[in-house]
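Taking UniProt numbering, I'd label the letters of the sequence shown as residues 1 to 458.
Heads up, the beta-carbon is just placed ideally off N, CA and C, and yes, glycines get one too.
Source: prediction; values computed, not measured.
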Amino acid sequence: MAKHRLIVIPPPFQGHMTPMLQLATILHSKGFSITVAHTNFNSPDPTNYPDDFTFLPFYDGLSDSCTLSPKNVIQISKTLNINCVTPVKELLLRIMDENKENQEEKILCVIYDGLMHFVDSVARELNLPTILFRTTCATNFLSYHSLPTLQTNGYLPLQDSSCVCMEMVEGLEPLRYRDLPIFNMGESATDTMVKQAAISLSVKPSLGVIFNTIEFLEASSLQKLRNLYKIGVFPIGPLHMLTPPSSQKQDNSSMTTTTSLMKEDYSCITWLNEQEPGSVLYVSLGSIASWNERELIEVAHGLANSEQRFLWVIRPETIKSIPEEVKSLAREKGRIVKWAPQREVLAHSAVGGFWSHCGWNSTLESVCFGVPMMCQPCFGDQRVNARLASHVWKVGIDCSEMRIGREEVEGAVRRMMVSWEGKEMRERAVLMKDKIRVGVRDQDALNALVHAIIMSTC
Ligand code: UDX
């Protein structure tokens with residue numbers, strides 16, 4: 001088969017880079033050549049991928065000292081959509097020019113992340129078919145459709161004091177207003193987010209939209225999106241479960257290809273090997289959210305007072321140095337790492353719960369490995385994911401309103417790890433894991449996507 005080329009364009013955020021590179025690996029196994037066009041900032045490591053993956057950086061105009069936080073992510077996305085238009089156009093033109101004599105290497109289509117929506121018009125100008133990849137869940141994207149009405153009705157910005165907070169949003173049940181991705185963002189960030197969402201909704205990629213999800217998890221939202229969109233909707237996921245072993249890097253330290261932008265500390269797996277089954281709480285807020293120093297100290301006291309074992313990720317860029325008090329409280333029953341091999345951790349039999357910020361990747365990984373969650377969303381789509389986990393799938397404790405104080409933390413950790421409620425959630429999570437594994441065998445959406453890409457040349 002001719003190895004036609006796909007160009008994938010992720011934004012420089014771990015939670016978006018990971019699923020895009022997983023998708024690229026899956027499509028590579030279906031016979032496509034892959035070019036990853038990426039920003040200079042937070043660039044992926046080419047050595048982690050098959051040799052015939054091509055990595056091409058483009059100028060992004062971001063400073064080397066740029067650090068990500070919940071507050072600046074939307075602004076950075078907005079900046080990328082301005083700065084990268086010309087560099088991406090030039091890069092695509094260069095690839096087209098280099099391959100003009102070689103039909104087999106011609107670009108079949110451009111797959112871009114929803115945060116990089118500028119790519120759609122650039123590719124169209126060059127007559128290249130496009131596919132939009134939304135790395136958050138389908139329910140979150142569906143919720144964007146409610147934002148214009150909320151704005152017209154004067155409900156924005158939505159915050160704790162808004163009287164509608166606890167009410168269900170019509171058409172999005174069981175999401176409440178407080179579960180929407182714009183909740184508690186402040187006036188200016190809400191405004192930026194509403195504008196970005198409106199652009200996202202107006203973009204209509206020529207070949208369709210991919211979601212990293214599965215019918216079993218989000219059937220009703222996917223159906224609503226199919227009714228709204230008149231183009232293909234492809235639920236392909238959970239992507240980490242579909243990544244083929246044959247194309248995974250053969251490396252003793254890892255059971256999967258690492259898409260990590262940070263170095264994973266495998267010593268925690270050795271530590272987990274020494275713990276009792278289901279006895280460890282894994283604590284991580286993903287790659288952007290973090291606790292401040294006061295909160296770290298409260299969390300450390302709460303964890304220690306709960307007398308449960310824990311593995312805790314504290315990213316170095318979020319704190320100058322970990323307070324001695326935290327280190328000493330963690331010494332007896334805990335382990336702190338800078339960055340964990342998360343999928344291996346969640347797959348480990350010693351792990352019995354996950355205190356998570358409910359990023360979509362973490363949520364998917366947790367349900368796929370049958371680990372129940374303490375759901376503490378920090379921003380954006382995490383609220384939607386937390387609601388799904390706690391209220392719809394019932395495999396998570398809703399901690400979205402929990403104050404970070406030592407007593408509250410101790411109580412929630414005990415509830416997760418030693419109460420009947422926690423035990424029941426663990427049982428439900430295992431059943432759910434089994435159902436997902438069955439659902440993943442259905443490759444109809446992936447086959448339909450491959451077919452749509454191939455047919456785009458005809
Ligand atoms: C961001 C957003 O915050 C999230 O809400 C959105 O759904 C995706 O983009 P992030 O906050 O990093 O992502 O969370 P998440 O989606 O959970 O992605 C984090 C990824 O990093 C996961 O794949 C996880 O396995 C990995 N990870 C995290 C590690 O490999 N090691 C760690 O120590 C922590």
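Secondary structure note for alanine 304: its alpha helix (DSSP H) is the uninterrupted segment 293-306. Around valine 395, the same chain offers Val367, Pro372, Met373, Ala389, Met425, Arg428, Ala429, Met432 as residues with beta carbons nearer than 7 Å, after the five sequence neighbours per side are excluded. In this structure, isoleucine 34 lies away from leucine 56, with their beta-carbon atoms at least 8 Å apart.
Remark: C-beta atoms of glutamate 293 and tryptophan 339 do not approach each other more closely than 8 Å.
Per DSSP, the unbroken alpha helix (DSSP H) holding phenylalanine 118 starts and ends at 118-125. In the structure shown, histidine 38 adopts extended strand secondary structure according to DSSP, grouped into three states.
If only complete runs of 4 or more residues are kept, the stretch 100-170 shows the alpha helix (DSSP H) at 118-125, 138-144, 147-152, in order along the chain. Leucine 207 is classed as buried because its beta carbon has at least 16 other beta carbons within 10 Å across all chains shown.
Distances from the CB of glutamate 365 to the heavy atoms of the ligand UDX include at least one below 7 Å.
The stretch 82-94 makes contact with the stretch 47-66, as at least three CB pairs between them are under 8 Å. The count of Cβ pairs closer than 8 Å, one atom from the stretch 312-319 and one from the stretch 87-94, stays below three, leaving the stretches out of contact. Isoleucine 297 has its CB no nearer than 7 Å to any heavy atom of the ligand UDX.
At a cut-off of 7 Å, the beta-carbon of glutamine 196 does not count as near the ligand UDX: no heavy atom of the ligand is closer than that. Its chain contains Cys165 as the residues whose beta carbon lies nearer than 6 Å to that of arginine 178, once the 5 sequence neighbours on both sides are disregarded; these appear in chain order. Nearest in C-alpha terms to histidine 301, of all of Met17, Ser328, His4, is Ser328.
By the Cβ criterion, the stretch 151-166 is not in contact with the stretch 122-141, since fewer than three pairs of Cβ atoms, one from each stretch, lie closer than 8 Å. With contact defined as three or more Cβ pairs closer than 8 Å, the stretch 346-353 and the stretch 270-287 are in contact. In the DSSP secondary-structure assignment, aspartate 179 is not bridged to any residue.
Shortest Cα-Cα distance from proline 238 to any of Val392, Lys71, Thr39, Cys137 involves Cys137. Going by DSSP, valine 233 is part of the beta strand (DSSP E) stretching over 233-235. Secondary structure at phenylalanine 55: strand, using DSSP grouped into helix, strand and coil.
Assigned with DSSP and collapsed to three states, isoleucine 214 falls in coil, not helix or strand. In this model, histidine 451 and leucine 21 are separated by some 20 Å (Cα to Cα).
Taking the Cα positions, glycine 171 is about 25 Å away from glutamate 187. About 4 Å separates the beta carbons of glutamate 410 and asparagine 305, which is inside the 8 Å limit, making them a contact pair.
The beta carbon of methionine 241 lies closer than 8 Å to those of Cys368, Ile436, Arg437, Val440 in the same chain, with the five residues before and after it left out.
Under the three-state reduction of DSSP, glycine 422 is assigned to helix. Cβ-Cβ distances below 7 Å link valine 392 to Pro174 in the same chain, with the five nearest sequence neighbours on each side left out; the list follows chain order. For the options Glu401, Lys320, Gln14, Leu23, the alpha carbon positioned closest to that of phenylalanine 234 is the one of Leu23.
For valine 345, the enclosing alpha helix (DSSP H) has its first and last residue at 342-347. Using a cutoff of 7 Å, the CB of serine 284 counts as near the ligand UDX, since one of the ligand's heavy atoms is closer than that.
Closer than 7 Å to some heavy atom of the ligand UDX: that does not describe the Cβ of valine 384. If you keep only unbroken alpha helix (DSSP H) runs of at least 4 residues inside the stretch 392-442, you get 406-417, 420-440. For leucine 311, the three-state secondary structure derived from DSSP is strand. Glutamine 196 counts as buried, since at least 16 other C-beta atoms from the protein chains shown sit within 10 angstroms of its C-beta.
In this structure, glycine 396 has its CB at a distance of at least 7 Å from all heavy atoms of the ligand UDX.
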